Amino acid sequence: GTQKFHRVAEYVDQLIKKKNGRARPPGAPHRAMDDLRFSIVDIEEEAGSQSTIRDQQLTLGQATAFVSIMQGCNMHCTFCIVPHTRGAERSRSIGEIVAEVRDLVSRGVKEVSLLGQIVNLYGRHEFAKVDNKSPFVQLLEGVHEVEGLERLRFTSPHPIGFRDDLIDAISRLPKLAEHVHLPLQSGSSKILKAMHRAYTAEKYLDLVERIRRARDGVAITTDIIVGFPGETDEDYRQTRDLVEEIQFDNAFVFRYSPRRDTPAAKIPDQIDERLKEERNQDLLEIVNKSNRRILERLVGSHVEVLCEGPSKTNSARLMGRTRTNKIVVFPHSPKRHPDESDELVGELLNVRIERANGFSLYGMPC
Ligand code: SF4
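Under my numbering, the first residue of the sequence shown carries the number 3, and numbering increases by one thereafter.
Laid out in structure tokens, this is it:
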């Protein structure tokens, strides 16, 4: 898992030694690194690893950064390998995280995304509630106070971690961007139970409504798995109906695929691949429609965009993101010298949206 990220160089050395020290037996794979005898699997938990990846190298004009606030997960969703590979939940201290954010902001970062497998359950085993606020809300408040920080995001939360204190924080902390990624996984309460997700479809819908009431214009995106073992047509229909009803800004739709040594992989009622694919395509169509509708509503409006750099699909243009995490593509500054980095990179801009196409918006800075 990523907790051993800092040991990659050491592992590569070990692999090279192993490889060089052994002759290839007849019939062994030619690319010896594919040979399991030369692999290293190390998923032992490493004490303090949540604090080891801290030195962030920033590129010129980089205005966004990710900050890992915890590692591991104790939730044991039946389809997920993470608890096995990344171990139990371990959180960094609020002071350490705030110091990292302050350092990033002093080097030009304007937007920080706090990262964790179940980010909103941050610190629940290590730190106490204060004034009825969870450690995560205390952390949000601490980071929010960093002067010069313009936008704050977090991903990925678990629906069960959205208590009243977090909903309240969403309504009162203006730097929190208007975007919540809220993994649904299934719209069938029966399947959610089999997944070991401790909420029902009704509770999820209620949560979406509470988040929308807390902050005007908040974008909600999600993750959904189709074809989980035992998912009947009726279960899938419930997912489909819920997705239609919620009208997500976007969603990652995954076909269930068994992970070794997870409980779901052992459920006998596995779903046929063709059926998974059908459900996947069907759901994507619904999600893409709501995505397009939401993007088209923005045409003609002015939005705040944080310019990240050249567009990945057309480097003759720049790209950035709105507070709701929509990608916006726009022209370079007319003052820019072709050999130099654009002065707009890393800046917050007011952009007039002229059209929507696919998953992006196109506009003109004002
Ligand atoms: S899906 Fe998320 S919450 Fe569930 S076990 Fe995996 S990392 Fe944890």
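All residues carry an ideal CB built from backbone N, CA and C; glycine is no exception.
Keep in mind that this is a model prediction, so the values were computed, not measured.
Item	Value
Residue 309 vs residue 275 beta-carbon contact at 7 Å	no
Cβ-based burial, residue 322 [other Cβ within 10 Å; buried from 16]	buried
C-beta contact flag for residue 132 and residue 171 at 7 Å	no
CA nearest to the CA of residue 204, picked from 256, 18, 240, 272	240
Reduced DSSP secondary structure (H/G/I, E/B, other) of residue 3	Note that residue 3 has pLDDT 49, beneath the 50 cutoff, so the model's placement of it is unreliable and the number below is only indicative. Note: residue 3 maps to coil in three-state DSSP.
Residue-chain proximity (residue 88, chain C), Cβ-Cβ < 7 Å	Of the chains in the structure shown, none is chain C; there is only one protein chain.
Within 7 Å, strictly: CB atoms of residue 225 and residue 185	yes
Where the beta strand (DSSP E) through residue 96 begins and ends	Taken as a continuous stretch (DSSP letters only), residue 96 belongs to no beta strand (DSSP E), being part of the alpha helix (DSSP H) at 96 to 108.
Cβ-based neighbour list, residue 169, same chain, cut-off 8 Å, excluding 5 preceding and 5 following	212, 213, 216
Three-state secondary structure (DSSP) of residue 18	helix
Cβ-heavy atom distance, residue 127 to the ligand SF4, below 6 Å	no
Extent of the continuous alpha helix (DSSP H) to which residue 206 belongs	203 to 216
Coarse secondary structure for residue 279, derived from DSSP in three states	helix
Within 7 Å, strictly: CB atoms of residue 297 and residue 255	no
Where residue 361 falls, given that 16 or more other Cβ within 10 Å makes a residue buried	exposed
Contiguous alpha helix (DSSP H) assignments of at least 4 residues, all confined to the region 235 to 276	235 to 248
Neighbourhood of residue 93 by C-beta, 7 Å cutoff - its chain only, sequence neighbours within 5 removed	52, 71, 72, 124, 125, 128
Other residues of its chain near residue 219: CB distance less than 6 Å, five sequence neighbours each side excluded	180
Boundaries (first-last residue) of the alpha helix (DSSP H) holding residue 138	137 to 146
C-alpha distance - residue 312 paired with residue 364, whole-angstrom precision	14 Å
Reference residue 165; option with closest CA among 149, 190, 210, 153	210
Alpha-carbon spacing of residue 3 relative to residue 105, whole angstroms	Low confidence applies to residue 3: its pLDDT is 49, below 50, so where it sits in the model is not reliable, and the reading given next is rough at best. If I take the Cα positions, the gap works out to 27 Å.
Residues near the ligand SF4, criterion Cβ-heavy atom distance below 6 Å	75, 77, 78, 79, 82, 84, 85, 119, 120, 160
Neighbourhood of residue 15 by C-beta, 7 Å cutoff - its chain only, sequence neighbours within 5 removed	none
Opposing strand residues paired with residue 335 [DSSP bridges]	Residue 335 pairs with nothing; no bridge assigned.
Cα-Cα separation between residue 64 and residue 270, rounded to whole angstroms	49 Å
Residue 157 burial status per 10 Å Cβ neighbour count (16 or more: buried)	buried
Sequence-distant residues of its chain with Cβ nearer than 8 Å to residue 263 (five each side left out)	83, 86
Proximal residues to residue 344 (C-beta, below 7 Å), its chain only, five neighbours per side dropped	320, 334, 335, 338
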